[in-house]
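Protein chains in written order, with the numbering used here: chain A, 228 to 489; chain B, 1471 to 1721.
Positions of the beta carbon are idealized from the N, C-alpha and C atoms, including for glycine.
As structure tokens, the structure follows; a few thoughts come after it.
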Amino acid sequence: MLLALRDVGKVWLIERTGERVKALESITLDVAPGEFLILLGPSGCGKSTLLQIIAGLESPSSGEIRFPSVTRGVSPCAKPNGKLTSMVFQDYALFPWRTVMGNIVFGPEVRRVARGEREERARRLIDLVNLKGAEDRYPHELSGGMRQRVALARALANDPQIVLFDEPLAALDAQTRRVLQDELLRIWGETGKTFIYVTHSLQEAVLLGSRIVLMTAHPGRIRHIVDVPLARPRHLTGRAEAEMLDRLDAELILEVKRAMAT
Amino acid sequence: MRASHLRRIASVLGLLVAWQILVQTGKLSELFLPAPLSVLATMWDLTRSGQLPWAVLVSLNRVVQGFVYGAAVGVFLGLLAGAVGWIEDLLDPWVAAVYPIPKSALFPLFLLWFGLGDPSKIATIAIGVLFLVLVNTMAGVKSINPVLLKAAHDLGAGRLQIFTKVILPGALPSIFTGLRLGAGMALILVFITEIEATKAGLGFLLWEAFQLLDTKQVFAGVVTFGLLGVASTWLLQWLERVGCPWIQRSN
């Protein structure tokens, strides 16, 4: 087991009213090495918050997060020896003043990897994400799809065990999204890394995931966890895929309705 | 593009020629509005006699020193205040109190404290530049997308690295805005501080000419100030292109 969440909760305090809002409640989840785990749910279910907690960018209000294979009882905020997780943000979060190459080497650079080595590593990643020839361009000179490739390569440059994706394709057009979904699957296969992927798109979840964590809103809880035993490559028009979509769709709609009623 | 260029040149040349003709035909008095060619001749004479180059050097020395001191302190404090909450709290009331004061109004105080020489003039210019650079630098730090700080943190950057590798470059475009405004302010202030209590500098040359009703020399000074303004703008634009190559420029 790579990552274990035990009874994780998060409470936001709304300062203006003094109100306490439960964003996450009793999240218990085990993540196995090499899986493509989808966090799926309506907006407001706390899936992004959960991702930030796993990344160590937010601390949980209760419960604990462990990486049993590496360190015992140390949260990823400590980042003791090497990075365990790297995040790919929805709006790319590229440094506008750095070129493609400059963005990708950022992680190794701040962790004081020698220049030659980090650029060598970056070049391999540029090949992996199909960005050859764009090394010296600035983010504003790239299309949305290319920016997201840079963001992925930058996250991989720290050689994390887990890559966290926060709705990475939400801002892209449908065609670019399809192409990048295939590439994500290829890169997932080639690198053997664990992907934890937040989305609100059911189609995306069925297309990509090896497991889907279906979440509910207000408070964010795990409704249930679905294995996706479908063979790859998958097609949304396939019979098994369609059946799965139908089943999850019904559940998701129920969830959204319930959330709207409260 | 071509046509608009021609219109611009025609506008300038047309006005200058009309002006020259109006003066030469006696419709305008040289005392109030000397002809462009006489101004040019005066500038040439002042240059050959060494008066104008010397005045420019004296003023530039004050401008550059004041600008560099003011900009350095402004950038330093601005970055600190933008990045560290409690430093901002300490600075904020002072910025709010001093920023609206026309900095020329502080000149008499500086004369009192630093004497009649260069230091009082340099201090006035430095204060004027400092606040413009400070306010713009702080705004630049605040304008940085917080997701970038998160991303840097996630990639393993420490506090100092976030400061040097995210906050500084992120604020750089605003810093340059502050520097450009500061350069304009420095030229205004060097003129004002050279009206009184000095015997050298471009402002002195201009003001002395006015008191002698030597309008040609007044114009020579005005034109030279204009040239200095253009030169400082070009220099800063060039610096910005080198310093911030990632900025999209429309022209």
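{"Query": "Rank B:Q1535, B:L1476 and B:A1505 by C-alpha distance to the C-alpha of A1653 of chain B and give the top, closest one.", "Result": "B:Q1535"}
{"Query": "Tell me, please, which residues DSSP counts as bridged to E246 of chain A.", "Result": "A:I241"}
{"Query": "Along the beta strand (DSSP E) that carries H1623 of chain B, what are the first and last residues, could you check?", "Result": "Careful: H1623 of chain B lies outside any beta strand (DSSP E), inside the alpha helix (DSSP H) at P1616 to D1624."}
{"Query": "Counting along the chain, where does the alpha helix (DSSP H) carrying V483 of chain A start and finish?", "Result": "R466 to A488"}
{"Query": "I'd like the list of long-range same chain contacts for L256 of chain A, defined as Cβ closer than 6 Å, with 5 residues on each side in sequence excluded.", "Result": "L232"}
{"Query": "Taking the C-alpha atoms as reference points, what is the distance between A1689 of chain B and E1678 of chain B?", "Result": "Here residue 1689 of chain B is Phe; the residue named in the question, Ala, does not match the sequence. Using only the alpha carbons, I get a separation of about 12 Å."}
{"Query": "At which residues does the beta strand (DSSP E) containing T443 of chain A begin and terminate?", "Result": "R438 to T443"}
{"Query": "Using the Cα positions of Q279 of chain A and V1599 of chain B, report the straight-line distance between them to the nearest angstrom.", "Result": "42 Å"}
{"Query": "Against L1441 of chain B, what residues of chain A qualify as contacts under a CB-to-CB distance less than 8 Å, listed in chain order?", "Result": "In the structure displayed, chain B extends from 1471 to 1721; residue 1441 of chain B sits before or after that span and is not available."}
{"Query": "Would you mind telling me which residues of chain A sit closer than 8 Å to H1623 of chain B, beta carbon to beta carbon, in chain order?", "Result": "L284"}
{"Query": "Who are the Cβ neighbours of P1725 of chain B in its own chain at under 7 Å, not counting the five residues just before and after it?", "Result": "As displayed, chain B neither begins before 1471 nor continues past 1721, which places residue 1725 of chain B out of reach and without an answer."}
{"Query": "Look at L441 of chain A and G268 of chain A and say whether their C-beta atoms are less than 8 Å apart.", "Result": "yes"}
{"Query": "Give me the Cα-Cα distance between G465 of chain A and R325 of chain A, rounded to the nearest whole angstrom.", "Result": "43 Å"}
{"Query": "Select from B:R1478, B:A1505, B:S1481 and B:V1482 the residue whose C-alpha is nearest the C-alpha of I1491 of chain B.", "Result": "B:A1505"}
{"Query": "Below 6 Å CB to CB, which residues in the same chain sit around N1721 of chain B once its five sequence neighbours on both sides are set aside?", "Result": "Only weak support exists for where N1721 of chain B lies, its pLDDT of 43 falling under 50; the value from the coordinates is given anyway. Answer for N1721 of chain B: no residue qualifies."}
{"Query": "How is the alpha helix (DSSP H) around H1754 of chain B delimited, first residue to last?", "Result": "In the structure as shown, chain B starts at 1471 and stops at 1721, and residue 1754 of chain B therefore has no counterpart that could be examined."}
{"Query": "Along the stretch 334-362 of chain A, what residues have a CB closer than 7 Å to any CB found in chain B?", "Result": "G334, V337 and R338"}
{"Query": "Considering only DSSP beta bridges, list what L230 of chain A is partnered with.", "Result": "A:V258"}
{"Query": "What separation, rounded to the nearest whole angstrom, lies between the Cα atoms of L1501 of chain B and L1683 of chain B?", "Result": "8 Å"}
{"Query": "Would you tell me roughly how many angstroms separate the C-alpha atoms of G372 of chain A and R404 of chain A, rounded to the nearest one?", "Result": "8 Å"}
{"Query": "When DSSP labels each residue in this structure, what does C304 of chain A get in the three-state scheme?", "Result": "Because C304 of chain A carries a pLDDT of 44, less than 50, the predicted location of this residue cannot be relied on, and no value is offered for it."}
{"Query": "Is there at least one Cβ from chain B nearer than 8 Å to M328 of chain A's Cβ?", "Result": "no"}
{"Query": "Buried or exposed for F1577 of chain B, going by 16 or more other Cβ atoms inside 10 Å?", "Result": "buried"}
{"Query": "In three-state DSSP terms, what is I1645 of chain B?", "Result": "helix"}
{"Query": "Below 7 Å CB to CB, which residues in the same chain sit around D318 of chain A once its five sequence neighbours on both sides are set aside?", "Result": "A398"}
{"Query": "Which same chain residues, not among the five before or five after A349 of chain A, have their C-beta less than 7 Å away from its C-beta?", "Result": "M328, I331, V332 and A384"}
{"Query": "At a CB distance below 8 Å, what residues from the stretch 1628-1651 of chain B approach chain A? Give them in sequence order.", "Result": "G1628, Q1631, K1635, V1636, P1639, G1640 and L1642"}
{"Query": "Out of curiosity, what's the CA-to-CA distance linking A380 of chain A and E482 of chain A?", "Result": "35 Å"}
{"Query": "So the candidates are B:V1692, B:L1485 and B:T1703; which of them puts its Cα closest to the Cα of G1648 of chain B?", "Result": "B:T1703"}
{"Query": "Let me know if C304 of chain A comes out buried or exposed under the rule of 16 or more other beta-carbons within 10 Å of its beta-carbon.", "Result": "The predicted model places C304 of chain A with a pLDDT of 44, which falls under 50 and marks its position as unreliable, so this point remains unresolved."}
{"Query": "Quick check: what's the CA-CA separation for P1570 of chain B versus L1657 of chain B?", "Result": "18 Å"}
{"Query": "Tell me whether Y1539 of chain B sits in a helix, a strand or coil according to DSSP, three-state version.", "Result": "helix"}
{"Query": "Can you give me the Cβ contacts of G309 of chain A inside the same chain, cut-off strictly under 6 Å, excluding the 5 residues immediately before and after it?", "Result": "Only weak support is given to the placement of G309 of chain A: the predicted model assigns it a pLDDT of 49, under 50, and the question is left unresolved by the model."}
{"Query": "Whose C-alpha, out of B:G1626, B:L1586 and B:L1550, is nearest the C-alpha of P335 of chain A?", "Result": "B:G1626"}
{"Query": "Could you check whether the Cβ of F392 of chain A sits closer than 8 Å to any Cβ belonging to chain B?", "Result": "no"}
{"Query": "Please classify A1575 of chain B as buried or exposed, where buried requires at least 16 other C-beta atoms within 10 Å of its C-beta.", "Result": "exposed"}
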